[in-house]
Structures are given as structure tokens and as C-alpha cells.
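When you line the sequence shown up against the numbering used here, it's residues 2 to 86, in that order. Where a beta carbon is used, it is the ideal one built from N, C-alpha and C, also for glycine. Before any comments, here is the structure.
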Amino acid sequence: MWFVYILLCDNGSFYTGIALDPQKRLLMHQTGKGAQYTKIYKPIALVYIEQLTNQTEAMKRERELKTWPRKKKQQLINNYNQNDL
Numbered sequence: 002m003w004f005v006y007i008l009l010c011d012n013g014s015f016y017t018g019i020a021l022d023p024q025k026r027l028l029m030h031q032t033g034k035g036a037q038y039t040k041i042y043k044p045i046a047l048v049y050i051e052q053l054t055n056q057t058e059a060m061k062r063e064r065e066l067k068t069w070p071r072k073k074k075q076q077l078i079n080n081y082n083q084n085d086l
């Protein structure tokens with residue numbers, strides 16, 4: 002299984018990526034071993050995770066989410082976190 006994840010960064014922005022293990026990937030981002038973006042804007046929280054069947058599907062979903070405006074991403078995150086309670 003692959004995952005799409007969204008991180009909240011220290012400047013208030015969102016970073017979207019894919020990984021086999023989102024928690025492990027978060028630690029990589031936090032220690033400067035992730036993407037260039039997260040080296041500049043440190044991630045402070047993993048705010049969204051979505052499980053997909055394979056890497057291709059995860060990459061498609063990642064591309065889709067990256068095109069969304071911030072407001073739509075925020076709604077997705079809010080719904081995810083409400084369902085998680």
C-alpha cells in the first residue's frame with residue numbers, strides 16, 4: 002500500500018507527497034532529508050493521510066491534490082480530522 006500525505010509546515014503552508022510509510026517520511030522531512038521545500042519550511046504536523054493501492058495511483062492522487070487551491074485542501078484536512086475523532 003502507498004499513501005498520499007499532507008504536512009503542515011512552519012510557515013502555514015501545506016506540503017503534499019507520497020510514501021510507503023508516512024510517519025517515517027515525516028521524520029525524514031523534519032531532519033532535512035526530505036524535499037527541498039521542507040528543508041526551507043519545516044513540517045510541524047502530518048495533517049492528512051490517504052491510502053492507495055499502488056504507487057501509480059498515489060502519484061496520480063498527489064498530482065491532483067497539488068492542483069487544488071488551499072481552501073479545498075483545508076476542507077479535505079478538516080473532514081479527515083473530524084472523521085478521525
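- Taking all protein chains in view, the Cβ of Arg-26 is crowded by 16 or more other Cβ atoms within 10 Å, so the residue is classified as buried.
- The alpha-carbon separation between Asp-11 and Thr-54 amounts to approximately 31 Å.
- Per DSSP, Tyr-42 lies in no beta strand (DSSP E) and is assigned neither H nor E.
- When the alpha-carbon of Arg-64 is set against those of Leu-28, Leu-8, His-30, Gly-18, the nearest one is in Gly-18.
- In the same chain as Pro-23, and ignoring 5 residues on each side of it, the C-beta atoms closer than 8 Å to its own belong to Phe-4, Tyr-6, Leu-47, Ile-50, in chain order.
- For the pair Gln-37 and Leu-9, the Cα-to-Cα distance works out to about 15 Å.
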